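**Student:** Before I ask anything, let me first share the structure, which is written out below as structure tokens.
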Amino acid sequence: MTTTAEPAAPSTREAARKTLDAAREHLLGLQSPEGWWKGELQTNVTMDAEDLLLREFLGVRDEEETREAARWIRSQQREDGTWANFFGGPPDLSTTVEAYVALRLAGDPTGADHMRRAAAYVRDAGGLPATRVFTRYWLALFGRWPWDALPVVPPEMIYLPSWFPLNVYDFGCWARQTIVPLTVAAALRPVRPLPFDIAELHGQHVPRRRQGPPGWAEAFHALDRALRVYQRRPVKAVRRAALRRAAEWIIARQEPDGSWGGIQPPWVYSLIALNLLGHDVDHPVMRRGLQGLERFTIRDGQGRRLEACQSPVWDTALAMTALADAGMPAGHPVLEKAAAWVVGEEVKGPGDWQVRRPGLPPGGWSFEFDNDYYPDVDDTAEVVLALGRVAHPEARPAVERGLRWMAGMVSRDDGFGAFDADNTRELCRRLPFCDFGEVIDPPSADVTAHVVEALCAQGMGDSQLCKRAVVWLLKAQEQDGSWYGRWGANHVYGTGGVVPALIAAGVRPGKPVIRRAVAWLERHQRDDGGWGEDLRSYRDPAWIGRGASTPSQTAWALLALLAAGERGPAVERGVGWLTERQRPDGTWDEDHFTGTGFPGYFYINYHLYRLVFPVSALGRYLREDAS
2 MTTTAEPAAP STREAARKTL DAAREHLLGL QSPEGWWKGE LQTNVTMDAE DLLLREFLGV
62 RDEEETREAA RWIRSQQRED GTWANFFGGP PDLSTTVEAY VALRLAGDPT GADHMRRAAA
122 YVRDAGGLPA TRVFTRYWLA LFGRWPWDAL PVVPPEMIYL PSWFPLNVYD FGCWARQTIV
182 PLTVAAALRP VRPLPFDIAE LHGQHVPRRR QGPPGWAEAF HALDRALRVY QRRPVKAVRR
242 AALRRAAEWI IARQEPDGSW GGIQPPWVYS LIALNLLGHD VDHPVMRRGL QGLERFTIRD
302 GQGRRLEACQ SPVWDTALAM TALADAGMPA GHPVLEKAAA WVVGEEVKGP GDWQVRRPGL
362 PPGGWSFEFD NDYYPDVDDT AEVVLALGRV AHPEARPAVE RGLRWMAGMV SRDDGFGAFD
422 ADNTRELCRR LPFCDFGEVI DPPSADVTAH VVEALCAQGM GDSQLCKRAV VWLLKAQEQD
482 GSWYGRWGAN HVYGTGGVVP ALIAAGVRPG KPVIRRAVAW LERHQRDDGG WGEDLRSYRD
542 PAWIGRGAST PSQTAWALLA LLAAGERGPA VERGVGWLTE RQRPDGTWDE DHFTGTGFPG
602 YFYINYHLYR LVFPVSALGR YLREDAS
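See below:
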């Protein structure tokens, strides 16, 4: 049963109210004149290192840009000489190698102390042979790793039909957009030498982990041998046609802002591939691609850095929900302006999702300013939730189209992935070159929960679609009572999303599924009253539910507890954590990364998370307290 408690003391309510008022004012001050919100999307220095490598490869590297990027890369190096993939995380070998090579491009001498420390770590960790495959592809482009020592990825795979194993649509959209241009580079095997050697990074070889069970490893080894034979003597007409088809595929997916998918990995590889196929840097496609990177560039006192992606639609939907939670009325001009912008961002054209759902009419929203080819279910659900709380005249038709598209993206198991339906072929994960993170897009608890919550908010909680998705969530609960979080860190995010969805769908707070989730959250509350989960939990179960308290994760836990009807000490201590740590300007500090790109490999610090989720949590806390 739910915890019964006296209403919060006046002093607690007053502190929460003052905290919420200050946070709401700060959030309002961040809205753009066009109506959107966008916080920085911070990742790691591979973005900046690979930007310099791209420019070196294309012959457009500028000395001033190099100097500023190098300053940022140096600022992120730790005392042990390494770079990590997230704040406070363990050293990452591939990130350190790429950062080191970028600093060599910037002129940093090998004898400098920070370079010696980095090189020593690389050698001790196994050297270049122990890096991820994608790092070694970068090195091969510059003659610092042999192409023959890399997996063969033939461009002819572009011709595999969608029903055939390992066709490009078997991969998640972020992976397929990177793999297609990679096949061009792997086929042509260019070498544009760096003006220096990196022999100091060649450590003792460390055998790499086998990909999957021995049987699969042997099968892929045999396949690789066959592909190497073909690579040496391809059918020339077929190879030429495949390269031409790959170029067409790539060009067709360039966005108006010059990006590919609005994300860095396919963007840089697409520019490389098209350049190898004869498009010089003055070609309109290339010029648009290079100019578009400027929009993703941040310059401040620490140097020049690139965002791997931008999240205005996501951030705006979350900000709208937060302000509504904080008591802003549906017709307020701030929400009206935001709604008008969001409605204008609806995706109404075709996309790769149609390969699996050819009869489904378009609709929905993407994450970025420009990513019309890849709307996603998660953004669509959050936009539906946000638009449902405003009084904008064009919101209703857009919501109906979004609901129709979102419903059509359900997978066969009744759950929801982010970008595609039934993108679940495990075989893709076993390929030798797929060691850079998740390459498929199966249904996840967090996305499915957001869909359920959106359906319920639109009066569709009794639909068979929603009921089946609820059953999917019930089955996905972990034995400890939590849910795994695919797109946020980690079980705190999953649990923080699923519990409100189940309550919205009519699951009573006293049911065992909710009580187990509440108990898990209470067990993992830190002594300081907050919640935190380190990103190492994706690889090491000992970290599940453990980590430094953060504003966003504390808010996620509070949202779940409040939805479950909890008003006891855990909630009061969590609210106290937020009120006691607010900055004078109304926001919170959050150095720790709480967003997930690829579990175990690539993580994100959404700079707006530290603000929008506490506003929602405090708004719901005060609303429940008043009732």
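With my numbering as the guide, the letters of the sequence shown map in order to residues 2 to 628.
The beta carbon of each residue, even a glycine, is placed where N, CA and C say it ideally should be.
This one's a predicted model, so the numbers in the text were calculated from it and none came from an experiment.
Check whether the Cβ atoms of F603 and G418 sit closer than 9 Å, and answer yes or no.
**Tutor:** Cβ distance not < 9 Å, so F603 and G418 don't count as in contact.
**Student:** Quick one: give me the first and last residue of the beta strand (DSSP E) that N276 is part of.
**Tutor:** Here N276 belongs to no beta strand (DSSP E); instead the alpha helix (DSSP H) covers 265–277.
**Student:** With a CB to CB cut of under 8 Å and the five nearest residues on each side skipped, what residues in its chain are close to L21?
**Tutor:** Same-chain partners within the cutoff: A327, V616, L619, G620, L623.
**Student:** Whole alpha helix (DSSP H) runs in the region 3–89 with 4 or more residues, listed along the chain?
**Tutor:** Qualifying alpha helix (DSSP H) stretches, in chain order: 11–30, 47–59, 64–76.
**Student:** Which value, in whole angstroms, describes the spacing of the CA atoms of G640 and P285?
**Tutor:** Nothing about residue 640 can be reported from this structure: the residues present for the chain run from 2 to 628 only.
**Student:** On the DSSP bridge list, what partners appear for W532?
**Tutor:** W532 is not bridged to any residue.
**Student:** Quick one: give me the first and last residue of the alpha helix (DSSP H) that R517 is part of.
**Tutor:** Note, R517: alpha helix (DSSP H), 513–524.
**Student:** Can you name, in chain order, every residue of its own chain whose Cβ lies under 7 Å from the Cβ of D316, other than the five neighbours on each side?
**Tutor:** So the qualifying residues of the chain are W38, K39, G40, L609.
**Student:** Compute the Euclidean distance between the alpha carbons of G60 and V98, then round it to the nearest angstrom.
**Tutor:** Rounded to the nearest angstrom, the two C-alpha atoms are 21 Å apart.
**Student:** Which class does I441 belong to by DSSP, given the choice of helix, strand or coil?
**Tutor:** DSSP places I441 in coil when its eight states are reduced to three.
**Student:** In three-state terms, what does DSSP make of Q355?
**Tutor:** Helix.
**Student:** How big is the Cα-Cα spacing for D373 and F420?
**Tutor:** If I take the Cα positions, the gap works out to 12 Å.
**Student:** Would you mind stating whether A85 and R79 have Cβ atoms separated by less than 9 Å?
**Tutor:** Yes. Within cutoff.
**Student:** Which residues mark the beginning and the end of the alpha helix (DSSP H) in which R118 is found?
**Tutor:** Looking at the DSSP string, the run of the alpha helix (DSSP H) that includes R118 is 114–125.
**Student:** Could you tell me the alpha carbon to alpha carbon distance between Q292 and R62, rounded to whole angstroms?
**Tutor:** When rounded, the distance between both Cα atoms is 13 Å.
**Student:** Bridge partners for I605 per DSSP, in chain order?
**Tutor:** Per DSSP, G596.
**Student:** Contact check, E337 vs W366 under 8 Å by CB: the rounded distance?
**Tutor:** Not a contact, Cβ separation roughly 18 Å.
**Student:** List the whole-angstrom C-beta distance separating D49 from A103, where the pair is believed to meet the contact cut-off of C-beta under 8 Å.
**Tutor:** Correct: roughly 7 Å between the Cβ atoms.
**Student:** Going by C-alpha to C-alpha distance, which of P162, L278, Q255 sits closest to P267?
**Tutor:** Minimum Cα distance to P267 is reached at Q255.
**Student:** For T132, which of helix, strand or coil comes out of DSSP?
**Tutor:** Correct three-state label for T132: coil.
**Student:** Rounded to whole angstroms, what's the CA-CA distance from A565 to A556? Just pull it up for me.
**Tutor:** The alpha-carbon atoms of A565 and A556 are separated by roughly 14 Å.
**Student:** Would the region 294–306 and the region 11–26 be scored as touching if the rule is three or more Cβ pairs under 8 Å?
**Tutor:** Short answer: they don't touch.
**Student:** List the DSSP bridge partners of W366.
**Tutor:** Paired residue(s): D377.
**Student:** Touch check for the region 350–357 and the region 306–323: three-plus C-beta pairs under 8 Å?
**Tutor:** The region 350–357, when compared against the region 306–323, does not touch it at the 8 Å Cβ threshold.
**Student:** Considering L104, what are the terminal residues of the alpha helix (DSSP H) in which it resides?
**Tutor:** Note, L104: alpha helix (DSSP H), 94–106.
**Student:** Taking 8 Å as the cut-off, does the region 592–606 touch the region 525–544 (at least 3 CB pairs, one atom from each stretch)?
**Tutor:** At 8 Å Cβ cutoff, the stretches touch.
**Student:** I'd like the list of long-range same chain contacts for Y122, defined as Cβ closer than 7 Å, with 5 residues on each side in sequence excluded.
**Tutor:** Result list for Y122: D81, G82, T83, P92, T97, in chain order.
**Student:** Give the secondary structure of D149 by DSSP, where H, G and I count as helix, E and B as strand, and everything else as coil.
**Tutor:** It is helical.
**Student:** Pick helix, strand or coil for A232, following the three-state DSSP scheme.
**Tutor:** First, the amino acid is wrong: residue 232 is Gln here, not Ala. Here Q232 sits in helix by DSSP.
**Student:** Can you say whether A186 is buried or exposed, counting buried as having 16 or more other CB atoms within 10 angstroms of its CB?
**Tutor:** By the 10 Å Cβ count, A186 comes out buried.
**Student:** Among F165, L183, D114, which residue has its Cα nearest to the Cα of V134?
**Tutor:** Minimum Cα distance to V134 is reached at L183.
**Student:** Just list the residues that DSSP pairs A310 with in beta bridges.
**Tutor:** Checking the sequence shown, residue 310 turns out to be Cys, not Ala. According to DSSP, C310 bridges with I264.
**Student:** Does V181 pass the burial test, meaning 16 or more other C-beta atoms within 10 Å, or should it be called exposed?
**Tutor:** Flag for V181 reads buried.
**Student:** Are there 16 or more other CB atoms within 10 angstroms of the CB of A200, so buried, or fewer, so exposed?
**Tutor:** Classification of A200: exposed, given that the 10 Å Cβ count is below 16.
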